[in-house]
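**Q** To convert, take the position in the sequence shown, counting from 1, and add 15; that gives the working numbering.
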Amino acid sequence: MNDTIKTYFDAFNAGDVDTMLSCLAEDVAHHVNEGQVRTGKPAFAEFCAHMNRCYRENLTDMVIFEAENGNRAAAEYIVNGTYLETDEGLPEAKGQTYRLPAGSFFSLRDGKITRVVTYYNLADWIAQVSK
16 MNDTIKTYFD
26 AFNAGDVDTM
36 LSCLAEDVAH
46 HVNEGQVRTG
56 KPAFAEFCAH
66 MNRCYRENLT
76 DMVIFEAENG
86 NRAAAEYIVN
96 GTYLETDEGL
106 PEAKGQTYRL
116 PAGSFFSLRD
126 GKITRVVTYY
136 NLADWIAQVS
146 K
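(1) Could you have a look at E41 and say whether DSSP puts it in helix, strand or coil?
(2) With the cut-off set at 9 Å, would you say T133 and N73 are in Cβ contact?
(3) Please go through the same chain and pick out, in chain order, the residues whose beta-carbon is closer than 6 Å to the beta-carbon of G96, but skip the five residues on each side of it.
(4) Where DSSP assigns a beta bridge to N73, which residues make up the other side?
(5) Go to V144, then tell me how far its alpha helix (DSSP H) extends in each direction, as first and last residue.
(6) Count the other CB atoms within 10 Å of the CB of S119; is the residue buried (16 or more) or exposed (fewer)?
(7) In the DSSP assignment, find the alpha helix (DSSP H) that holds A117 and state where it starts and stops.
(8) Here's a check: name, in chain order, each residue in its chain whose Cβ is nearer than 6 Å to the Cβ of R68, leaving out the five neighbours to either side.
(9) Identify the continuous alpha helix (DSSP H) that holds T54 and give its terminal residues.
(10) Using only the alpha-carbon positions, how far apart do Y135 and E83 sit?
(11) I need the straight-line Cα distance from H65 to I20, nearest angstrom please.
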C-alpha cells in the first residue's frame, strides 16, 4: 500500500490538514466533484477550511489500490458525515447525517501527490440531507 496515500487518508480522518498538505506537491491539481480544478497547496488548504466548516466527515471501509510503478493510486470508501453549516447552493444544514460511497484517484511524483480527483453521487447526498 502506498504510504503517502495512507498518510493522507489517516490525516483526513484525524482532521489534520497540515499533514494532508505535507503529502501534496506544491503544484497539486485538485479535481473536486461537480467543481473547478484547484491548483496548488494554498487552494487545497482553502478548500479544506471550507469543508471543515460545513462538514464533519470520517472515511470507513477504505480500500486503496496502487499501480505497479507507484505513480498512480486509487481508493474507494464510505463517507460518514454530518452537515454542519449550509454550503452555498446546497440544501440548508441542520446537522443531518449522511453515508455515501465515494472514490479518489491520485497521481504521484517523488512520493508527493500531484493530482487528487474525488467522485461521489451528489444527487444521493442531496437526497440524504433533504429528508
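Where a beta carbon is used, it is the ideal one built from N, C-alpha and C, also for glycine.
Computed from a predicted structure; not experimentally measured.
**A** Taking the definition as stated:
(1) strand
(2) no
(3) Y70, E72, Y113
(4) N95
(5) 137 to 144
(6) buried
(7) A117 -> not in any alpha helix (DSSP H); beta strand (DSSP E) instead, spanning 112 to 124.
(8) E100
(9) T54 -> not in any alpha helix (DSSP H); beta strand (DSSP E) instead, spanning 52 to 54.
(10) 26 Å
(11) 22 Å
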